[in-house]
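By the numbering used here, the letter at position 118 of the sequence shown is numbered 121, and the numbering carries on one by one without gaps.
In this text, a Cβ means the ideal position worked out from N, Cα and C, and glycines have one as well.
The model shown is predicted, which means the values in this text are computed figures rather than measured ones.
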Amino acid sequence: MPQFDVSTYMPQMFWVLVVFFCYWLLMDKFLIPRIAEMVEARKRKYNDFILKAEEINKKAQESLMQYENALSAARAAAAEQIAQNEAELKELIEQKEAELKQELSLKMAEHKAKLASEKEDILEKIDELSVKVVFTAVQQLNLSAITHSDIDKLVKKGEN
Numbered sequence: 004m005p006q007f008d009v010s011t012y013m014p015q016m017f018w019v020l021v022v023f024f025c026y027w028l029l030m031d032k033f034l035i036p037r038i039a040e041m042v043e044a045r046k047r048k049y050n051d052f053i054l055k056a057e058e059i060n061k062k063a064q065e066s067l068m069q070y071e072n073a074l075s076a077a078r079a080a081a082a083e084q085i086a087q088n089e090a091e092l093k094e095l096i097e098q099k100e101a102e103l104k105q106e107l108s109l110k111m112a113e114h115k116a117k118l119a120s121e122k123e124d125i126l127e128k129i130d131e132l133s134v135k136v137v138f139t140a141v142q143q144l145n146l147s148a149i150t151h152s153d154i155d156k157l158v159k160k161g162e163n
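1. What three-state label does DSSP hand N88 in the structure shown?
2. Alpha carbon to alpha carbon, how far is E43 from K32? Give it in angstroms, no decimals.
3. Quick test of your reading: V137 and I154, contact by CB under 8 Å. State the CB separation rounded to the nearest angstrom.
4. Look up T11 in the DSSP assignment and say whether it is helix, strand or coil.
5. Run through DSSP, which three-state label would T150 get?
6. Taking the C-alpha atoms as reference points, what is the distance between L144 and L109?
7. At the level of alpha carbons, what is the spacing between V141 and Q105?
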């Protein structure tokens with residue numbers, strides 16, 4: 004086998020070293036700088052993306068804070084409006100209740116007066132009717148000595 008021949012070791016080493024250094028020079032002058040350039044470009048691109056993402060995150064945080072502030076202000080304003088509306092409604096209800104109580108007491112007084120007058124009218128009619136009934140009963144019993152005025156006097160005496 005020729006590779007084990009000691010006399011061919013030196014030329015093989017020479018050519019291996021020549022090819023190695025040629026490839027090494029090609030790599031060092033052309034390929035490695037391009038690869039390094041691409042790596043640097045990617046780093047810059049990623050750094051730009053990170054910076055943009057941080058800026059967007061800051062803007063989002065600011066927007067979120069503004070939203071939360073606006074929301075809390077709106078809630079406070081709504082709570083204040085609700086409290087104001089409740090107070091107005093309570094005042095209106097109290098006013099209406101007072102008006103209704105006053106109207107009810109007036110109507111009750113009117114009806115009491117009307118009932119009292121009707122009671123008096125009915126009692127007078129009952130008195131008149133009882134006088135007529137008694138007078139008719141007296142006439143049917145043929146008691147001519149008792150007159151209509153005597154019966155009136157007895158009924159009025161009974162009222163007192």
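Reading off the structure:
1. helix
2. 17 Å
3. 5 Å
4. helix
5. coil
6. 52 Å
7. 53 Å
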